[in-house]
Amino acid sequence: MAFAWLKSNNNNRVTSTVVLLTALVTLLQTTAIHGQVQQVLGDRVYRPEMDDLYITVNARTRTLELAWRNFDDLSNYILLAEQHPVEAFEPRYYYYTSEPGSSSSVAPMDDTEPGGTSSVPPPEVTTAGPGSVNGSTPAENSVSTTEPNYSGADMEMEVGWVYEHRDEFGYRKKEVLFSLQPIYTNGWTKTGIKFNFNLMNEVTTTTGCYGYYAYFVRPNGTVLASHCLRLYPTWMNDLRSHLSGFRMRELFIPGTHDSASYKRNFNPQSQETIITKYALTQDDDIRSQLLQGVRYIDIRVGYYKTNTHQFWANHGISRMHPLQHILEQIKLYALETKEIIVVDVQEFPVGFGKGYDIHTKLIGFLQNALGEVIANPVIGWEGTLGDIWAGGKTVLLCYDHEFAARSFPHVVWRSVQQRWGNVQNVNDLEKYLFKVHHPTGFREFSYRPVADMAELTPDPWGVITDRYGGLRKMADSVNRFVTKWYFEDLGPTANVVAVDFVRGTSIVEAAIYWNLKRVPYRSINF
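Reading the sequence shown from the start, the letters are residues -35 to -1, 1 to 491 in mature numbering (1 follows the signal peptide of the UniProt record, and there is no 0).
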């Protein structure tokens, strides 16, 4: 199947600068169209099928991206709109005189990059506005009409799209946000449409689709299928009847790397500095990450004795948020949803020294903050999700220190093992991830979960010189490929997968897809 795209030691990570509904899986009425199931808005139906289109968000520009597959009829279109449902769209034809040399393109989603035979990287679509096709916009003097009012050898036509929308003033015609006639069966494109982060202020743990909707349509405007940007706030509970027999090691768990390294209301295009370029790894707070379906939270803790808040969530030596604020988001989410959340305390970059006193203090702090929701470590990694749910508490508090595991076995779970490639480009990341998943690679069998840290890692000198342009640029260069790899070759053996800027991936969808295809208690050949 072709999906359209293309510690050891984490101290190299530039320390110097730097998702309560317990629901049955119900079959809602659906209509199979064009090989794709059209789902009811906000439904909770999960099927072991791969979708044909995904909407992601670019980390640097905060704009929407589209990735599609199995687009078999290239006479059809992909349209992006803010409303659902739309019964039909109306094409508008624009006739204009073309300028010599003008062109636009989309990125083919074959296997030529990375590791393929093509030496030319796929081009990106030019930023496009409403009514645009293939990233181009009709000329200012173009005429919208169903028939050309004159003809000429240099005349060209583009198609814009409108649909009937009802608001407080009644029905009116509204332009789509973006339109594209793909030239590849599998592809990826930028849209130039800014993602509205304020939408997250309106969503809840019952929200499914929200904000943006993509449609496959015929040239006459007939809708073939619809897709949406969506949240997965209770996906584990929604699938409880299927998941209860699994151990955590047997599941595909979507996660984020340095989960607390975000900054609210941050605009990378106007506020970015050399520090934020290499300190921020996410665009959403913890609750928003959990709403999106993330279930592995990676935390690094710094200790500041004289500060009002002594424990902080850090990225290396950079303080990000008081740890209490991070833990409160996790606790409230777990209490509301009963989702199983892995909280992995992995590093202690500031203030811990070589003794155990601060670790003892931190474990007491963690126990006090999360006591209402900490799952009993006695269950252990050999226990099942059903065992965890039966205990009534669903946060697995993991701690990466042997002293803690020995001294506080009633509080903390043994940490998740993180696998780091410590690489700086997409080809090396691909090689590393495929190697650790290969039957002859250096994989290990353990009931303890193993996390693929599926992101790029800058080296210190590269940070100082800003060789990489920041973590956002690095994430944008790999995230669509990470999605492809884990939807395809790596999905069957994936356990925990942590990414930077999770909105740029469809890793949650990949996890749900493969979890629905798995059977508990079988060997996955880790």
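For each residue, glycine too, the CB sits at the ideal point set by N, CA and C.
The count of Cβ pairs closer than 8 Å, one atom from the segment 277 to 288 and one from the segment 207 to 227, reaches three, so the stretches are in contact. Look at Y298 here: in three-state DSSP terms it is helix.
The DSSP assignment places 218 to 221 as complete runs of the beta strand (DSSP E) inside the segment 211 to 254, in order along the chain (cut-off: 3 residues). For A190, the enclosing beta strand (DSSP E) has its first and last residue at V188 to R195.
For F368, the enclosing alpha helix (DSSP H) begins and ends at E367 to S372. In its chain, beyond the 5 residues on either side, no residue has a beta carbon closer than 6 Å to the beta carbon of T171.
Pairing A369 with V360 gives a Cβ-Cβ distance that is not under 9 Å. For the set E30, Y364 and A179, the Cα lying nearest the Cα of I339 is the one of Y364.
For the 9 Å CB-CB criterion, A416 and Y451 do not form a contact. Assignment of P147 by DSSP, reduced to helix, strand and coil, places it in the coil class. For K449, the uninterrupted alpha helix (DSSP H) run begins and ends at L436 to F452, by DSSP.
By the neighbour-count criterion, in which a residue is buried when 16 or more other Cβ atoms sit within 10 angstroms of its Cβ, P184 is exposed.
When the alpha-carbon of L297 is set against those of K358, Q247, A244 and R432, the nearest one is in K358. The criterion of a C-beta distance shorter than 9 Å is satisfied by T448 and T21.
Pairwise C-beta distances place the segment 46 to 57 in contact with the segment 176 to 191, as three or more of them are shorter than 8 Å. Under the 10 Å beta carbon count, H324 is surrounded by 16 or more other beta carbons and is classified as buried.
Within the same chain, and ignoring the five residues on either side of W354 in sequence, the residues whose Cβ sits closer than 8 Å to its Cβ are R205, S209, K303 and I305.
Membership of Q311 in the beta strand (DSSP E) is indicated by the continuous run I306 to V315.
The C-beta of S144 has 16 or more other C-beta atoms within 10 Å across all chains shown, which makes the residue buried. DSSP, read as helix, strand or coil, puts F399 in helix. Between the alpha carbons of L350 and V141 lies a gap of roughly 43 Å.
The C-alpha of Y268 is placed about 24 Å away from the C-alpha of D465. Counting every other CB atom within 10 Å of its CB across the protein chains shown gives N480 a total of 16 or more, marking it as buried. Comparing C-alpha distances from S372 to each of P342, L394 and Q382 shows the shortest one belongs to P342. L292 and A334 have their C-alpha atoms roughly 7 Å apart.
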